[in-house]
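The opening position of the sequence shown corresponds to residue 1 in our numbering, with each subsequent residue numbered one higher. For reference, the structure is listed below as structure tokens.
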Amino acid sequence: MLQQLFTDMIKQDVKPFLSNRGFAKKGLNFTKKTESLIYMFHFQKSAGNTADHVMFYVNCGIYAVELAQIQSRAILTAPQEAECHFRARMREIVESVPDRFSITPDTNMDDVRVTLLNGLDEVIHFYDTMTSARSIVDYYTSGPFLHLGEESFHLLLQSNDVVAAKHYLNALQEKHGTEKRWTIFENKYKAIFHKYGVEF
């Protein structure tokens, strides 16, 4: 019964909303492709769902051809959410949505719909600012996050942006320099700098 409410909402609300914005549906994935990027929403049902409690997450992802090339991986035309270079739960981008959505017999489905569609809309605005592999790199380097670290250094040094690369390195070192594993990362990054003939 509740499972049906979830299915109906995807079909009657989410699908028209996202297809109007250029997203195609396949299963519980919605994707929109540009020349170099694939934007994605993935609706993930919670493992603990029961007859009277259905929970789901909305995962957001962006796959970048340029970053896949840097990783020397095959270029995917239909990547899974786990294969995206940018990955976040909707909540990480939109503060006004819950960490996970929940449907119980008492749930007001109109409220769920409004919250969900507003959230999707905000993520799409965020996606509009993420227009290239460099945008993804900038997002993670401003963190600074270790995620995509090697790819980020390649991208920045390939385009001769040594200033940004060194800024990112210093920020990572400040954040993670005291961790035991830092040496491993440092050695990897050093090799990348050397590859592009840049002093580490």
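Glycine is no exception: its CB is placed at the ideal position from the N, C-alpha and C atoms. For clarity, every value in this text was computed on a predicted model and none was experimentally measured.
If you compare alpha carbons, which of the options is closest to residue i?
| i | options | result |
| --- | --- | --- |
| glycine 143 | Thr115, Val58, His176 | His176 |
| serine 96 | Val112, Glu81, Ile103 | Val112 |
| threonine 77 | Arg87, Arg91, Ile62 | Ile62 |
| glutamate 83 | Val58, Val65, Val14 | Val65 |
| valine 94 | Asp106, Thr131, Cys60, Asn20 | Cys60 |
| alanine 191 | Leu157, Val137, Thr129 | Leu157 |
| tyrosine 57 | Asn170, Glu81, Phe185 | Glu81 |
| glutamine 69 | Gly197, Lys195, Ser36 | Ser36 |
| isoleucine 103 | Thr178, Lys195, Thr50, Asp161 | Thr50 |
| glutamate 92 | Arg134, Ser132, Leu120 | Leu120 |
| valine 123 | Tyr168, Phe17, Met9, Met1 | Phe17 |
So, with DSSP's three-state summary, where would you put residue i?
| i | result |
| --- | --- |
| threonine 50 | strand |
| isoleucine 103 | strand |
| phenylalanine 200 | coil |
| alanine 74 | coil |
| arginine 275 | The chain is shown from 1 up to 200; residue 275 falls before or after that span and cannot be answered. |
Assign residue i to one of two classes, buried (16 or more other C-beta atoms within 10 Å of its C-beta) or exposed (fewer than that).
| i | result |
| --- | --- |
| histidine 200 | For the sequence presented, residue 200 should be read as phenylalanine rather than histidine. Exposed. |
| serine 152 | buried |
| histidine 154 | buried |
| proline 79 | buried |
| arginine 73 | exposed |
| phenylalanine 48 | A small correction: the amino acid at residue 48 is glycine; phenylalanine does not occupy that position in the sequence shown. Burial call: exposed. |
| threonine 129 | exposed |
Where residue i and residue j are concerned, what is the direct C-alpha to C-alpha distance, given to the nearest angstrom?
| i | j | result |
| --- | --- | --- |
| glutamate 150 | glutamine 44 | 29 Å |
| histidine 125 | threonine 31 | 15 Å |
| lysine 11 | glycine 27 | 11 Å |
| leucine 172 | phenylalanine 145 | 7 Å |
| threonine 183 | glycine 22 | 44 Å |
| lysine 15 | glutamine 3 | 17 Å |
| glutamate 174 | phenylalanine 86 | 23 Å |
| lysine 33 | serine 19 | 12 Å |
| lysine 188 | valine 198 | 14 Å |
| glutamine 71 | histidine 53 | 41 Å |
| lysine 195 | alanine 24 | 40 Å |
| lysine 166 | phenylalanine 193 | 10 Å |
| valine 163 | glutamate 186 | 18 Å |
| leucine 5 | isoleucine 38 | 29 Å |
- Mind pulling the alpha helix (DSSP H) runs of 4 or more residues that sit fully within the region 125–153? Within the region 125–153, the runs of alpha helix (DSSP H) that reach at least 4 residues and sit entirely inside it are, in chain order, 133–141.
- Unbroken alpha helix (DSSP H) runs of length 4 or more, entirely within the region 4–65: which are they? Correct list: 15–19.
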